[in-house]
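Q: Shown below is the structure under consideration.
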Amino acid sequence: MEELEQPVVYTSVSNMSGSGSWANSELGSDAVENFRRKLKYFFMSPCEKFRARGRKPWKLMLQILKIALITFQLVSFGLSNQMVVTFKEENLISFKHLFLKGYNDQSSATYAVYTQTDVYEHIYFIIDQYLHLHNITVGNHAYEKDGGLYTPLSLCQQFFKNGSIWPGNETFDIDAQIETECIEIYPLKTPAEDRLEGTSLNLTLYFKRLLSVDIDFTLKAINLQTVRHHELPDCYDFTVMITFNNRVHSGRIQINLDNEVDIKECKDWSVTGASARNIYYILFFDSLIILTCLTSLILCTRSVFSGVQLQFEYSAFFQKCHNKNVTWSERMEFVNGWYILIIISDSLTIVGSILKIEIQTKNLTSYDVCSILLGTATMLVWVGVIRYFGFFKKYNILILTLRAAFPNVIRFCCCVAMIYLGYCFCGWVVLGPYHEKFRTINTVSECLFSLINGDDMFPTFKNMQQKSYLVWLFSRLYLYSFVSLFIYMVLSLFITLITDTYETIKQHQRDGFIETDLQAFIAECEDLPSSGRYRVEKDSPTCFSCCSSRFEESEERLQC
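Residue numbers (full-length UniProt numbering): 1 to 560.
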């Protein structure tokens, strides 16, 4: 917790003795009291401001309305996005069963071939399935057309330009330059009854020099499940990519199938038996959310701007009237971080809602970008609810603890990150070839983070291969030291850091917090919100303007 300066004890200007520091500054007591009252009103809660001036808490009511609207919007869009993702995933599974010979869902990680005959048979099977697709598939898949012609299936093999390999003699002669040979096969040009033969394709694979065989083709489909939810269907382009990977040259050629999805607006469509009014209701609802968030954005921006203005006024008051500089922590008290959070949330919601409208009207298909924007905005909106719990002393312990512990937590995490990265790089280099969870930096980090939380600990120890006894012994030392260091020391220190801050906050709640100069200055104002003294009919002169005029008069007297 940051150390605060010892507060200066102020004597009210209403003190008849006139010995207070504010009374001696030769300022008018009314101007000082008005300025103090203005500061106190600025830091009041919405309910206190309502009792003070009778102004309804529009921002509070608007935030409550916005939470309901944005949450409903996110749920609605989430269901729509879920249909899109499900359609993509199920098509990928369908393609694997259609084009991979003997494929089953359990063999996706180990699907490979080991003989030359199997390689040719799998390639011919893919081509045959592609040419007979319109008679095989149970989905609404079709070939892509470019103008009046169907786009072809492309089969390319990559291999070393020249090479002679004699493992028996332990000699080889390789030209590292890579060449590519491709052939194209057009659908609906070969009779459907004839099975393709190797000679008809003129396909010859150079297995000794072969690096990979890539088969690419494009299929089109329409997602009709959205019609049941009163949404217009999208048209999909699936670019299917099948790779026979022989770069290891180990006698095992692994086969992978993946696809790239491009969502487009359908060119010509007609939906009967369903009302189109539902789409207009959704567009009106999204427009209402944009208007609500825009209003909230303007109100919160105005509040932030007012706080910055008041901060400069307070700083000038202390500098010129009390000859004292305002600390950075006191300046930041005028900047409400919750308003910054709401401004970010409103901005994300407005952009996400505009994208959602474009998606609903089929002008855009950026489902992932829209879901990230709306999801993040909804998260920030719900996090912002904590702000209103902070107005109650018994409920703001979480906010106070997080704010006080944050600087120490960041410094602690920076130090721990150095040790954590060291273990990540060490595990990746040493254990990567022998353990699946250490193959990449990303998987190493995920594995170690899981170990810190006590998850998946036994399989991490068990799945370590014992092909090298030295590496296996090192893995035990590596894992035991990491678990002991991070669970028993680092994690315990981290929890202690939070716990100590929590206890400090609880102690301050019992004994009172250390007041800053700003808080001590405001505390001298004893006017209650319901006293009626906060109802200002016209703008009274600020203390800063009064102070400036005092200094100008003093300078004139000195010149005289």
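Positions of the beta carbon are idealized from the N, C-alpha and C atoms, including for glycine.
#1: Hey, would you say W328 sits closer than 7 Å to R387, going by beta carbons?
#2: Tell whether a beta-carbon distance below 7 Å holds between R252 and Y114.
#3: CB-CB under 7 Å to I282, same chain, minus the five flanking residues each way: which ones, in chain order?
#4: Looking at L211: is its Cβ nearer than 7 Å to the Cβ of F159?
#5: Three Cβ pairs or more, each shorter than 8 Å: is that satisfied between the region 84–91 and the region 165–182?
#6: Closest by CA to Y395, which one among F486, F449 and K506?
#7: Could you tell me the alpha carbon to alpha carbon distance between F449 and Q129, rounded to whole angstroms?
#8: Take every Cβ of the region 451–459, pair it with every Cβ of the region 483–491, and state whether three or more of those distances are shorter than 8 Å.
#9: In the DSSP assignment, find the alpha helix (DSSP H) that holds E90 and state where it starts and stops.
#10: Would you mind working out which of V138, L153 and G139 sits nearest K145, comparing C-alpha positions?
#11: Can you give me the C-alpha to C-alpha distance between F494 and F412, rounded to a whole angstrom?
#12: Mapping the DSSP letters down to three states, classify N259 as helix, strand or coil.
#13: At what residues does the alpha helix (DSSP H) containing T117 begin and finish?
#14: Exposed or buried, what is L74 when buried is set at 16 or more other beta-carbons lying within 10 Å of its beta-carbon?
#15: Rank C321, V119 and I127 by C-alpha distance to the C-alpha of Y186 and give the top, closest one.
#16: What do you get for T365, buried or exposed, if any count of 16 or more other CB atoms within 10 angstroms of its CB means buried?
#17: Out of T110, N162 and V213, point me to the one whose CA is closest to C156's CA.
#18: Relative to the alpha-carbon of A112, which residue among L224, F43 and V248 has its alpha-carbon at the smallest distance?
#19: Pull up the CB-CB distance for G315 and K66, whole angstroms please, since I reckon it's below 8 Å.
#20: Can you name the start and end residues of the alpha helix (DSSP H) that D105 belongs to?
#21: Please look up how many angstroms separate the CB atoms of T226 and P233, rounded, as I've assumed it's under 8 Å.
#22: For K40, tell me which candidate among Q63, F334 and G168 has the shortest Cα-Cα distance.
#23: Look up M241 in the DSSP assignment and give the residues it is bridged to.
#24: Is the beta carbon of residue 586 sitting closer than 7 Å to the one on S475?
#25: Unbroken alpha helix (DSSP H) runs of length 4 or more, entirely within the region 470–523: which are they?
#26: Using CA atoms only, rank isn't needed, just tell me which of T501, Y280, E184 and G139 is closest to L98.
#27: Can you tell me whether DSSP reads F312 as helix, strand or coil?
#28: Select from K88, L355 and M332 the residue whose C-alpha is nearest the C-alpha of L310.
#29: Does the separation of the CB atoms of C300 and I350 fall below 7 Å?
#30: With a 10 Å radius around its C-beta and 16 neighbouring C-beta atoms as the bar for buried, classify N91 as buried or exposed.
#31: Does the region 422–431 touch the region 440–449, meaning 3 or more C-beta pairs lie closer than 8 Å?
#32: Residues in its own chain within less than 6 Å of V383 by CB, not counting five upstream and five downstream?
#33: Using the Cβ count rule (16 or more neighbours within 10 Å means buried), how would you classify A109?
#34: If you draw a straight line from the C-alpha of K96 to the C-alpha of N135, how long is it?
#35: Using only alpha-carbon positions, find the residue among M241, C235 and I255 that is nearest to D268.
A: With the given structure in hand:
#1: no
#2: yes
#3: Q360
#4: yes
#5: no
#6: K506
#7: 45 Å
#8: yes
#9: W58 to F99
#10: L153
#11: 8 Å
#12: strand
#13: Q116 to L131
#14: buried
#15: I127
#16: buried
#17: V213
#18: V248
#19: The sequence given here has Ser at residue 315, not Gly. S315 to K66, Cβ: 33 Å. No contact.
#20: Taken as a continuous stretch (DSSP letters only), D105 belongs to no alpha helix (DSSP H), as it is neither H nor E.
#21: 5 Å
#22: F334
#23: D216 and D258
#24: Since the first and last residues shown for the chain are 1 and 560, residue 586 lies out of range.
#25: 491–511 and 517–523
#26: G139
#27: helix
#28: M332
#29: no
#30: buried
#31: yes
#32: none
#33: exposed
#34: 17 Å
#35: C235
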